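> Shown below is the structure under consideration.
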C-alpha cells in the first residue's frame, strides 16, 4: 500500500509542477511574442516589466543558453525546447540590488528539467549563477571555469 500512496503523491507533485511550469512558460512565450518587432511600436509596460524583460533578454543572450536551446531543439527533433523563466516572484537582494531569480529549463511534453539557476540584475548587466546545493552565488567566469557548461551538450 505505501508504494501506491507514494505514487499518488508523486503524481500530485508532478501535476502541480507541470501547472506552474506551463504558467511560467506561457509568460515566457508571451514575453517573446510581445517583444517589439520591426515596424511595431512597443506596447506600454511598467518599469518593473521592462526591467524583468531586460533581465530575461540578458540571460537569453548568454552563449551557453543559446547553445543549450539549440541542442535541446535539435536532439529532440523539436519535441522539447529551452526556456528561461522566473522561478520566484520575489526578488533576491544581492549587494543591495533586488535581482530577478531566473532559471533555464528543458521543457518536454511530459516534464520540465531545470538545467541551471541564475540571479540577474534589473539592467541585465550582472548575471550570477545560483548554486542551489550550496546556496552560493558564483560569477559567470567562475561557473564557466569550474563547470564547463558548454561541455554539457558536447557529451550528450
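In the working numbering, the protein residues as written are 204 to 359. All residues carry an ideal CB built from backbone N, CA and C; glycine is no exception. Quantities reported herein were computed from a predicted structural model and do not represent experimental measurements.
#1: Please state the DSSP three-state secondary structure of residue 264.
#2: DSSP state of residue 310, grouped into three classes?
#3: Look at the alpha carbon of residue 275 and the alpha carbon of residue 349, and state the distance between them as a whole number of angstroms.
#4: Three or more C-beta pairs closer than 8 Å, one from the segment 318-334 and one from the segment 299-307: is that the case here?
#5: So for residue 319, helix, strand or coil by DSSP?
#6: Roughly how many whole angstroms lie between the Cα atoms of residue 169 and residue 281?
#7: Is residue 264 a contact residue of the ligand MN, with contact defined as CB to any heavy atom under 7 Å?
#8: Could you name the residues of the same chain whose beta carbon sits closer than 7 Å to that of residue 257, not counting the 5 residues immediately before and after it, in chain order?
#9: By DSSP, does residue 349 sit in helix, in strand, or in coil?
#10: Residues in its own chain within less than 8 Å of residue 335 by CB, not counting five upstream and five downstream?
#11: Within 8 Å of any Cβ in chain D, is that where the Cβ of residue 273 sits?
Based on what the coordinates show:
#1: coil
#2: strand
#3: 23 Å
#4: yes
#5: strand
#6: This structure cannot settle anything about residue 169, because the visible part of the chain is limited to 204 through 359.
#7: No copy of the ligand MN appears in this structure; indeed no ligand is present at all.
#8: 325, 326, 327
#9: helix
#10: 320
#11: Absent from the structure is chain D; it holds one protein chain and no more.
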